[in-house]
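A.B. asks: Residue numbering for the sequence shown follows this note's numbering, starting at 8 and increasing by one per position.
Ideal placement from N, C-alpha and C gives every residue a C-beta, glycine not left out.
Source: prediction; values computed, not measured.
Have a look at the structure that comes next, please.
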Amino acid sequence: MRLSASETGFDASGIVDAGDHGAASAGHGGFARAGRHGRATALGDGVAIAGSHGTADAPDSAGLAMAGPHGTATAGEDGIAVAHGAGSSATAGTWGIAVATSHAAHLEVGHGGIAVALGSVRRIRTDARAIVVVLDAADGATELQAGDGSVIVLRHRTKAGRPTGFDFHVSGPAGRQPGCRYLWRDGALRQLGESLPSPVSPVAPELRLWQLDERLADTRRGHDTLVLCSEEVVEPNDREVLESGDLALRAAQWSSDPVSPLGIFGLSWGEGDADAVGLDRAAVWLLVRVPSAVGVPTIDGCAVRGVVKFAAGTILFAGAPEAVIGQLSALGADCTLLVSRSFCAAGDRHIAIAPRDGMALASPGGWAIAPDGQQARADAGGIAISSGGAANAGRGGLAMAFNAGIATTDDHGVAISDGKRYGEAHAGDHGVAIGRGKFRRVTAGVAGVAISRGGDAAIAAEEGVAIGLDSEHVQAGANGVAVAVGGTVSGGDGCLLVAIAPDWSWVVTARVGVDGIAPDTRYRLGG
Numbered sequence: 008m009r010l011s012a013s014e015t016g017f018d019a020s021g022i023v024d025a026g027d028h029g030a031a032s033a034g035h036g037g038f039a040r041a042g043r044h045g046r047a048t049a050l051g052d053g054v055a056i057a058g059s060h061g062t063a064d065a066p067d068s069a070g071l072a073m074a075g076p077h078g079t080a081t082a083g084e085d086g087i088a089v090a091h092g093a094g095s096s097a098t099a100g101t102w103g104i105a106v107a108t109s110h111a112a113h114l115e116v117g118h119g120g121i122a123v124a125l126g127s128v129r130r131i132r133t134d135a136r137a138i139v140v141v142l143d144a145a146d147g148a149t150e151l152q153a154g155d156g157s158v159i160v161l162r163h164r165t166k167a168g169r170p171t172g173f174d175f176h177v178s179g180p181a182g183r184q185p186g187c188r189y190l191w192r193d194g195a196l197r198q199l200g201e202s203l204p205s206p207v208s209p210v211a212p213e214l215r216l217w218q219l220d221e222r223l224a225d226t227r228r229g230h231d232t233l234v235l236c237s238e239e240v241v242e243p244n245d246r247e248v249l250e251s252g253d254l255a256l257r258a259a260q261w262s263s264d265p266v267s268p269l270g271i272f273g274l275s276w277g278e279g280d281a282d283a284v285g286l287d288r289a290a291v292w293l294l295v296r297v298p299s300a301v302g303v304p305t306i307d308g309c310a311v312r313g314v315v316k317f318a319a320g321t322i323l324f325a326g327a328p329e330a331v332i333g334q335l336s337a338l339g340a341d342c343t344l345l346v347s348r349s350f351c352a353a354g355d356r357h358i359a360i361a362p363r364d365g366m367a368l369a370s371p372g373g374w375a376i377a378p379d380g381q382q383a384r385a386d387a388g389g390i391a392i393s394s395g396g397a398a399n400a401g402r403g404g405l406a407m408a409f410n411a412g413i414a415t416t417d418d419h420g421v422a423i424s425d426g427k428r429y430g431e432a433h434a435g436d437h438g439v440a441i442g443r444g445k446f447r448r449v450t451a452g453v454a455g456v457a458i459s460r461g462g463d464a465a466i467a468a469e470e471g472v473a474i475g476l477d478s479e480h481v482q483a484g485a486n487g488v489a490v491a492v493g494g495t496v497s498g499g500d501g502c503l504l505v506a507i508a509p510d511w512s513w514v515v516t517a518r519v520g521v522d523g524i525a526p527d528t529r530y531r532l533g534g
C-alpha cells in the first residue's frame with residue numbers, strides 16, 4: 008500500500024487519505040481519497056475519490072470512482088463512475104453506471120451500461136444495449152457514439168433554460184448506425200464528418216459545497232470563547248432575541264460557583280466530555296460566543312474535562328451534530344478531543360468509527376464509518392459509509408450503505424445502496440441515488456437521477472431521470488425521463504416514458520400529456 012506523507016491512516020480494510028500533492032492507494036476493500044493534486048486508487052470493492060486535480064480508479068469489479076473538478080473517474084465491470092464536478096469524465100465497464108452531475112467532458116460505459124448527464128456533456132460512448140440520457144443536449148457540443156441496441160434520450164432547452172422537448176433514438180438496423188459518431192446540432196443527431204466541427208465543452212462554475220458560516224468568520228481561538236452546547240440543556244426562559252436579530256442565551260438562574268448547577272453548560276471549543284453536557288442525546292447543537300466562562304471541574308461529584316458554564320452569550324451557529332463538527336474543525340478545534348460513549352467525531356483528515364450502538368460524525372474533510380449497523384453522518388462534501396445502518400452526508404457528499412442499510416444525501420450528493428437485497432438510497436435536488444440489489448427503493452430530488460438495478464422502485468422528482476432495470480416501478484416528475492426495463496413506468500406532465508422489454512427486443516416511448524398518456528398513471532409494455 009502506498010501512502011502520502013500526510014495520510015489519514017488505514018486498517019485491514021483500507022481507508023487512506025492523501026496530502027496536498029496527492030497519490031493515495033488502498034488495500035483490499037479499501038476506500039481512498041486524494042489531495043489537491045489528486046490520484047486515488049482503491050482495490051477490492053472500495054471507493055476511490057480524487058481531489059480537485061483528480062483521477063480516481065477503482066479497477067476491481069463493482070467498485071466506485073468519483074472525480075473532482077479537473078479529474079477523471081474509472082470504475083471496472085459492474086462499477087459506478089461519477090464525474091462530480093465541472094469538466095470531469097467518467098468511465099464504467101460492462102453493466103456499469105457512469106453519471107455526470109454537472110457539465111462533463113466525457114462519459115463512457117460498456118455493454119449493458121447506463122450513462123446519464125445531468126448537465127451537458129461533450130462526448131458519450133457506449134457498447135451494446137446501453138441506456139443514455141442527456142438532460143441538457145447543447146447544440147453543436149454533444150458528440151455520441153453508441154453500440155448496437157442502445158437507447159438514447161436527449162433533452163433540449165430554450166435559450167432561457169426551460170426544457171422544450173426530447174429527441175429519442177435506438178442504435179441499430181432501423182435507427183442510428185452503431186459505432187458511428189454523431190453530433191447533436193440544429194435539433195437533430197447528425198453523423199460527424201469533416202464539415203462538422205469538433206464539440207466544445209461548455210464552461211461551468213465550480214459548485215461550492217461547503218463554507219464557514221459568516222457569523223463565525225471573525226471568531227478566533229485565543230481571542231474568543233466559543234462554547235459548544237446542546238439545545239436540550241437550554242431552558243426556554245434562557246433564550247432572548249436581540250435588536251440585531253441574533254438569538255442570545257441568558258441564564259435565568261446563575262452562580263459563578265464552579266460546582267453550582269446554575270448556569271448554561273457546554274464545552275469550550277467543543278473539546279471535552281460530551282456526555283456530561285447532554286450532547287449525546289441532542290439532535291441540534293449550538294455554538295455560542297460568550298464574554299466569559301467559568302471552568303467546571305466536577306458535575307454531581309464526578310470529574311469532567313473541558314466543561315464550562317456561562318451566564319450569557321450569542322448563538323452563532325445551530326445545526327445537526329455533523330454540521331457543527333464541520334464548523335469547529337474549520338475554526339481549528341481538535342474534534343478528536345470531543346469524547347462520548349455514544350459517538351465518535353472526526354475533523355478534517357481524520358476517521359470517525361462509530362462505537363457500538365452509536366454513530367460516527369465527520370467534517371467535510373473527514374470520514375464517518377459505521378461498520379456494524381450504526382449511523383455514519385458527514386457534513387457537506389463529506390463521506391459517510393455504513394454497513395447495515397444509516398449513512399447520511401450533507402450537500403455534495405457521498406453516502407454509501409451496504410447490507411440493507413439506508414444511504415441519504417442532501418442536494419448535489421451521491422447516495423449508493425449496495426448489497427444482495429433490501430436497503431434504500433435517497434439523494435436531494437441535483438443528486439445521484441443508485442441502488443444495486445433486490446427490494447431496494449431509490450429516490451432523487453429535482454433534476455436528480457435515481458437508478459435501480461433489480462429494486463422495488465426508482466423515483467425522481469421534476470426534470471429528473473429515473474431508470475430501473477428489472478425494477479417493479481420507475482417514476483419521474485414533470486419534464487423528466489423515466490426508463491423501465493421490465494416493470495411499470497409513470498411520470499408527471501411532459502415526462503418522457505421509455506419502456507424496454509426485458510430481452511431488449513421491443514422499445515416504446517410516450518410523452519405524458521400527449522396522445523392520452525395521463526400523468527402519474529402506471530403503464531406497462533404490452534398493456
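1. Would you grab the beta carbon distance between Arg4 and Ala367 for me? Rounded to a whole angstrom, and I think it's under 8 angstroms.
2. Check for me: the alpha helix (DSSP H) holding Ile332 runs from which residue to which?
3. Please confirm whether Ala440 and Asp386 have their CB atoms less than 7 angstroms apart.
4. My assumption, with CB atoms under 8 angstroms, is that Ala259 sits in contact with Gly320. Please give the rounded CB distance.
5. Any idea which residues DSSP pairs Phe409 with across the strands?
6. Starting from the Cα of Arg1, find the closest Cα among Cys187, Val521 and Gly279 and give me that residue.
7. To the nearest angstrom, report how far apart Val241 and Thr450 are at their CA atoms.
8. From the DSSP output, in three-state form, read off Ala283 for me.
9. Give every residue of the same chain whose Cβ lies closer than 6 angstroms to the Cβ of Gly380, excluding the five residues on either side of it in the sequence, and list them in chain order.
10. CA-CA distance, Gly172 and Arg164?
11. Counting only runs that start and end within the stretch 282 to 327, where is the beta strand (DSSP E) found for 3 or more residues in a row?
12. Could you tell me whether the Cβ atoms of Gly70 and Glu84 are closer together than 7 angstroms?
13. What distance in whole Å lies between the Cβ atoms of Ser370 and Gly333, which are believed to be in contact at a cut-off of 8 angstroms?
14. Counting Cβ pairs closer than 8 angstroms, one from the stretch 223 to 243 and one from the stretch 277 to 293, do we hit at least three?
15. Helix, strand or coil for Leu219, going by three-state DSSP, please let me know.
16. My output table needs one value for Pro170: the three-state DSSP class, helix, strand or coil.
17. Is Glu431 helix, strand or coil when you go by DSSP?
18. Taking Gly372 as the reference, which of Gln218, Leu503 and Pro304 has the closest Cα?
19. Label Glu247 either buried or exposed according to how many other C-beta atoms from any shown protein chain fall within 10 Å of its C-beta, with 16 as the threshold for buried.
20. Nearest by alpha-carbon distance to Trp292: which of Leu269, Ala398, Leu476 and Gly326 is it?
21. Please state whether the Cβ-Cβ distance between Ala107 and Ala88 is less than 7 angstroms.
22. Any idea what DSSP makes of Asp245, helix, strand or coil?
23. For Leu199, name the three-state secondary structure that DSSP assigns.
24. Got a sec, what are the start and stop residues for the beta strand (DSSP E) Arg257 sits in?
25. Does the Cβ of Pro328 have 16 or more other Cβ atoms within 10 Å, making it buried, or fewer, making it exposed?
26. Taking only the alpha-carbon atoms, compute the straight-line gap between Leu125 and Ala90 and give it to the nearest angstrom.
27. For Pro362 and Asp341, I'd like the C-alpha separation in whole angstroms.
28. Mind checking whether Glu150 and Leu190 have CB atoms under 7 angstroms apart?
29. Smallest Cα separation from Asp245: which of Ile271, Asp231, Ala473 and Ala57?
30. What does a CB cutoff of less than 8 angstroms around Ala188 pick up in its chain, not counting 5 residues either side in sequence?
31. Figure out for me which residue from Ile306, Asn486 and Gly493 has the closest Cα to the Cα of Gly475.
32. Do the CB positions of Val505 and Thr495 come within less than 7 angstroms of each other?
33. One question on the structure: do Ala155 and Gly179 come within less than 7 angstroms of each other, judged by their Cβ atoms?
34. What does the alpha-carbon distance come out to for the pair Pro268 and Ser262?
35. Does the distance from the C-beta atom of Val472 to that of Val453 stay below 7 angstroms?
36. Please tell me whether Arg129 and Glu115 are closer than 7 angstroms, where the distance is taken between their beta carbons.
C.D. replies: Inspection of the coordinates gives the following:
1. As displayed, the chain neither begins before 8 nor continues past 534, which places residue 4 out of reach and without an answer.
2. Pro328 to Ala337
3. no
4. With 8 angstroms as the limit, Ala259 and Gly320 do not qualify as a contact, their Cβ atoms being about 14 angstroms apart.
5. Ser394 and Asp425
6. Here the chain has residues from 8 to 534 only, and residue 1 is not among them.
7. 37 angstroms
8. helix
9. Gly395 and Gly396
10. 7 angstroms
11. 292 to 297, 314 to 317 and 319 to 326
12. no
13. 4 angstroms
14. yes
15. coil
16. strand
17. strand
18. Gln218
19. exposed
20. Gly326
21. no
22. helix
23. coil
24. Leu254 to Arg257
25. buried
26. 10 angstroms
27. 19 angstroms
28. yes
29. Ile271
30. Correcting the residue type first, residue 188 is Arg in the shown sequence and not Ala. Closer than 8 angstroms at the Cβ level, and outside the excluded window around Arg188, lie Glu150, Leu151, Gln152, Gln198 and Leu199.
31. Gly493
32. no
33. First, the amino acid is wrong: residue 155 is Asp here, not Ala. Yes; because the gap between Cβ atoms is below 7 angstroms, this pair is in contact.
34. 8 angstroms
35. no
36. no
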